[in-house]
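Here the sequence shown is numbered in this note's numbering, starting from 3 and rising by one per residue. Ideal Cβ placement from N, Cα and C applies to all residues, glycine included.
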Amino acid sequence: MPTRVNVGKKAIRCLGIAESFRKEAGSKAVLAGVVIRSDLLVDGLVLASCTVGGMDSTDSIISMWKSLNRDDVNFILLGGSVISWFNVVNLGKLYDTTSTPLICITYRESEGLDDVFKRRFPEDWAQRLEVHNRNGERHPIVLKTGFKVFVRCFGLSVEDAKKLIDKFTLEGRYPEPVRLAKMIARSVLRFKEL
Numbered sequence: 003m004p005t006r007v008n009v010g011k012k013a014i015r016c017l018g019i020a021e022s023f024r025k026e027a028g029s030k031a032v033l034a035g036v037v038i039r040s041d042l043l044v045d046g047l048v049l050a051s052c053t054v055g056g057m058d059s060t061d062s063i064i065s066m067w068k069s070l071n072r073d074d075v076n077f078i079l080l081g082g083s084v085i086s087w088f089n090v091v092n093l094g095k096l097y098d099t100t101s102t103p104l105i106c107i108t109y110r111e112s113e114g115l116d117d118v119f120k121r122r123f124p125e126d127w128a129q130r131l132e133v134h135n136r137n138g139e140r141h142p143i144v145l146k147t148g149f150k151v152f153v154r155c156f157g158l159s160v161e162d163a164k165k166l167i168d169k170f171t172l173e174g175r176y177p178e179p180v181r182l183a184k185m186i187a188r189s190v191l192r193f194k195e196l
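Written out as structure tokens, the structure reads:
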């Protein structure tokens, strides 16, 4: 049974997920997940990897979720659905597998990826495009900080997604769970390169 999130509840936990990579196709990107409470205390951390330019990001994120083995995370906040050089996350599969409300947040307008997929991935562009299209339309929202972001929501409304993102955003456009996960992923990637 899918988890429901009460956006008005004081104690909410979010799993924020972000990645960092170098553009060499076939190399590994670092995925970091940070569990953060709504009072902004860090409550957990998980790491994984996915293939740069691959199609394994969804399974990697599901594996992160399972390895946490927690039932107190109220929603997942994912920094992007096309990550690690066009590794497309299947948001519906992620939501169905975790049974946890999912918000995918992005920060820029886009004219679409059809031509990019066809040009860069001639052997599997149709698969990438199909997953990307199934993820649905992005919805623009303006955060309490005044910044515009775009969201895709599974298991909750756009209005509830905005309330949750506002709760976890101190300044700018980056919610703390995703901002911290990105910092960790970058640091791990740099460390691996030493």
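- Two segments are said to touch when three or more pairs of C-beta atoms, one from each, lie closer than 8 Å; by this definition the region 72 to 79 touches the region 5 to 24.
- Of the residues L115, L196, M185, the one whose Cα lies closest to the Cα of L47 is M185.
- Distance from the CA of W67 to the CA of K194, rounded to the nearest whole angstrom, comes to 23 Å.
- Distance from A163 to I105 at the Cβ level is roughly 5 Å; contact confirmed, criterion being Cβ atoms closer than 8 Å.
- Distances from the alpha-carbon of S40 to those of N71, V7, A31 put V7 closest.
- When only Cα atoms are considered, V90 and I143 end up about 22 Å apart.
- By the neighbour-count criterion, in which 16 or more other beta carbons inside 10 Å mark a residue as buried, K120 falls on the exposed side.
- T60 carries a helical assignment under DSSP once its states are collapsed to helix, strand and coil.
- For K169, the enclosing alpha helix (DSSP H) starts and ends at 160 to 169.
- By the Cβ neighbour-count rule, P179 is buried, with 16 or more other Cβ atoms within 10 Å of its own.
- Taken in chain order, the complete alpha helix (DSSP H) segments of 4 or more residues contained in the region 64 to 102 are 93 to 100.
- Taking each of K169, S189, F149, R181 in turn and checking the Cα distance to G10, the smallest one comes out for K169.
- Annotation: the continuous alpha helix (DSSP H) that includes L191 extends over 178 to 194.
- Take V190, set aside five residues on each side of it, and the residues of its chain with a beta-carbon closer than 8 Å to its own are S22, V32, A34, L49, in chain order.
- Annotated three-state conformation of K120 is helix, per DSSP.
- Apart from the 5 residues on each side of it in sequence, K150 sits with its Cβ closer than 8 Å to the Cβ of P142, I143, V144, R175 in its chain, given in chain order.
- If you look at R39, you'll find it in the beta strand (DSSP E) that goes 30 to 39.
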